Amino acid sequence: YFEVGVGTPPQLVDVQIDTGSSELWVNPTCSNAWNPYGCAENGFYKPASSSTKVLTPDTFSIQYGIGSASGLYVLDNIAMGSTYSIVAQRFGDASTSADQMEGIMGIGWGYGVDTNYFNVIDQLAAQGIIHSRAFSVDLASIDVAQGSIIFGGIDTMKYSGVLEKRPIIPYYQAPDFYPRYWIYMTSLGVTVPGSNSSVPVTTPTINQAIFPDSGSTFCYLPPALFTGLLSFFPSAVNQGNNEYTVPCALRNQAGTIDFGFGGTIIHVSYHEFFWFDGAECWLAAVPSTEFFLLGDSFMRSAYIVYDQDNANVLLAQAANCGSNITLITTGPNAVPSIIGGCTPSQSTIFSPSIAHTPTSASSSSSSTKSSSTSS
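Numbering (the UniProt record's numbering), first residue to last: 1 to 375.
The structure is reproduced here in structure tokens:
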């Protein structure tokens, strides 16, 4: 989650960063959350306590892959860190929600594509807080308390190798005809423990439209790719709904799941890909015929830059060897073509980081939605 200050004076609220949706909303209904007590600790926004709020009669309703939220739109200031604040951001004040632990900050496509108003990314650029509609995400290892998101910048010491530029597939060519960060994945393989080579789960090359989504824990794969991946783990047991548990001992083995994007392969260790829920270990992937995404189980091993202005997603192997924040500027080469400062051997070493704010910048769950706006 990400802490923001809402209103004047700022009321601290935790929101989930979601690259798979486009709208910001706050105030979940904790009685409908899976952990009501944990939900209550994430903070609430009271419009009556803010001197800068503008109430509206406009309604919103968002349905996620799991859960939903609905209520009225409000305009108020959104502070990110101690330096930058968006003035008069439009967002949802939820009157009811289901299966949500905190509000959600959707940072997908905004005005003219997925919303009829400027969303958070749009406003950051329009108000001159960042140079272009671009940001980078480093979720960091599952064993690390914090990752980072940098609006308007990248950290060259958080990845190794080059940032592979992948064009975003236009929504009218996407599998669900919905504007997301769709890109083509060109291979999927497994490097089993004791081997130095990746074995394809199906054919050596593929051309699969898929999108990296920080709002989802698991990966949602086409049935053929999922079945091929599952075949490498014969000890997996279907617990229903095609969700598989695996022996937790697998998490300690030196294998990887290998995701290819053109010339770049993102290696995800067994330790990251087999999700431990406190009692059992799960294969963090499920088959899907509706939409295809790469959730946190993939993103924790990737450094990802989302460049809306140039319609690109850039990926590199995540690592951590310090910090060197560089601005994203404007134009077709707005994202700097800088080779990561880390060596491949540092790609499995992570340490805590924070949400950064570089100079002139500020520091899941796929959704469908409906809204009504009064005239």
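Don't be surprised by glycine CBs; every beta carbon is placed ideally from N, CA and C. Just so it is clear, the structure is predicted and the values come from calculations on it, not from any experiment.
Let me confirm a value: residue i is counted as buried when at least 16 other C-beta atoms fall within 10 Å, else exposed. Which label applies?
| i | result |
| --- | --- |
| Glu23 | buried |
| Glu164 | buried |
| Ala48 | exposed |
| Cys30 | buried |
| Lys46 | exposed |
| Gly215 | buried |
| Pro222 | buried |
| Ser136 | buried |
| Glu280 | exposed |
| Thr19 | buried |
| Thr343 | exposed |
| Ser366 | Confidence is the limiting factor: at Ser366 the pLDDT is only 43, short of 50, which leaves the residue's position unreliable and the question unanswerable from this model. |
| Leu55 | exposed |
| Pro9 | exposed |
| Ala334 | buried |
| Asp277 | exposed |
| Pro352 | Unreliable positioning characterises Pro352 in this predicted model, as indicated by a pLDDT of 30, which lies under 50. The coordinate reading is nonetheless provided below. By the neighbour-count rule (16 or more Cβ atoms within 10 Å), Pro352 is not buried but exposed. |
| Glu272 | buried |
| Asn196 | exposed |
| Tyr84 | buried |
| Gly240 | exposed |
| Gly5 | buried |
| Gly128 | exposed |
| Gln16 | buried |
| Gln308 | buried |
| Phe177 | exposed |
| Gly110 | buried |
| Gly161 | buried |
| Tyr159 | buried |
With a cut-off of 8 Å on the beta carbons, I'd call residue i and residue j a contact; round off their distance for me.
| i | j | result |
| --- | --- | --- |
| Ala224 | Thr202 | 6 Å |
| residue 377 | Val246 | Nothing about residue 377 can be read from this structure; the chain reaches only from 1 to 375. |
| Phe292 | Pro175 | 7 Å |
| Ala254 | Pro193 | 5 Å |
| Ser288 | Tyr244 | 14 Å between Cβ atoms; not a contact. |
| Asn119 | Gly103 | In fact, because the Cβ distance is near 14 Å, the residues do not count as touching under 8 Å. |
| Trp25 | Ile62 | 7 Å |
| Arg300 | Tyr270 | Arg300 to Tyr270, Cβ: 13 Å. No contact. |
Would you mind stating whether residue i and residue j have Cβ atoms separated by less than 8 Å?
| i | j | result |
| --- | --- | --- |
| Ile168 | Pro336 | no |
| Asn32 | Asp99 | yes |
| Leu12 | Gly43 | yes |
| Leu229 | Leu188 | yes |
| Asn242 | Val286 | yes |
| Ser206 | Phe2 | Reading the sequence as shown, one finds Ile at residue 206 and not Ser. Not closer than 8 Å, so no. |
| Ala94 | Ser132 | no |
| Met157 | Ser323 | yes |
| Phe261 | Arg180 | no |
| Thr217 | Gly295 | yes |
| Ala134 | Gly152 | yes |
| Ile304 | Pro212 | yes |
| Ile338 | Thr326 | yes |
| Ile183 | Val313 | yes |
| Ser68 | Ser97 | yes |
| Thr52 | Asn27 | no |
| Gly92 | Tyr64 | no |
| Phe298 | Phe274 | no |
| Gly38 | Met101 | yes |
Does any residue of chain D have a CB that is nearer than 8 Å to the CB of residue i?
| i | result |
| --- | --- |
| Gly112 | The structure shown contains no chain D; it holds only a single protein chain. |
contact_flag[the segment 88–97, the segment 117–124] where n(CB pairs < 8 Å) is 3 or more: The count of Cβ pairs closer than 8 Å, one atom from the segment 88–97 and one from the segment 117–124, reaches three, so the stretches are in contact.
If we count Cβ pairs, one from each stretch, closer than 8 Å, do we get three or more for the segment 254–271 versus the segment 309–318? Enough Cβ pairs lie closer than 8 Å, so yes.
Please list the segments of the beta strand (DSSP E) lying wholly inside the segment 206–255, counting only runs of 3 or more residues, in order along the chain. If we require 3 residues or more, the beta strand (DSSP E) runs fully inside the segment 206–255 come out as 208–212, 219–221 and 244–246.
Quick check on the DSSP output: what are the complete alpha helix (DSSP H) runs of length 4 or more inside the segment 28–64, in order along the chain? If we require 4 residues or more, the alpha helix (DSSP H) runs fully inside the segment 28–64 come out as 36–40.
At what residue ranges does the segment 290–322 contain a whole run of the alpha helix (DSSP H), taking only runs of 4 or more? You should have 296–299.
For a minimum of 3 consecutive residues, which ranges assigned as the beta strand (DSSP E) are wholly contained in the segment 79–104? Counting only unbroken stretches of 3 or more residues, the beta strand (DSSP E) elements lying wholly within the segment 79–104 are 84–98, in sequence order.
Which full runs of the beta strand (DSSP E) of 3+ residues lie inside the segment 105–170, going along the chain? Here the runs fully enclosed are 134–138, 148–151, 153–155 and 159–167.
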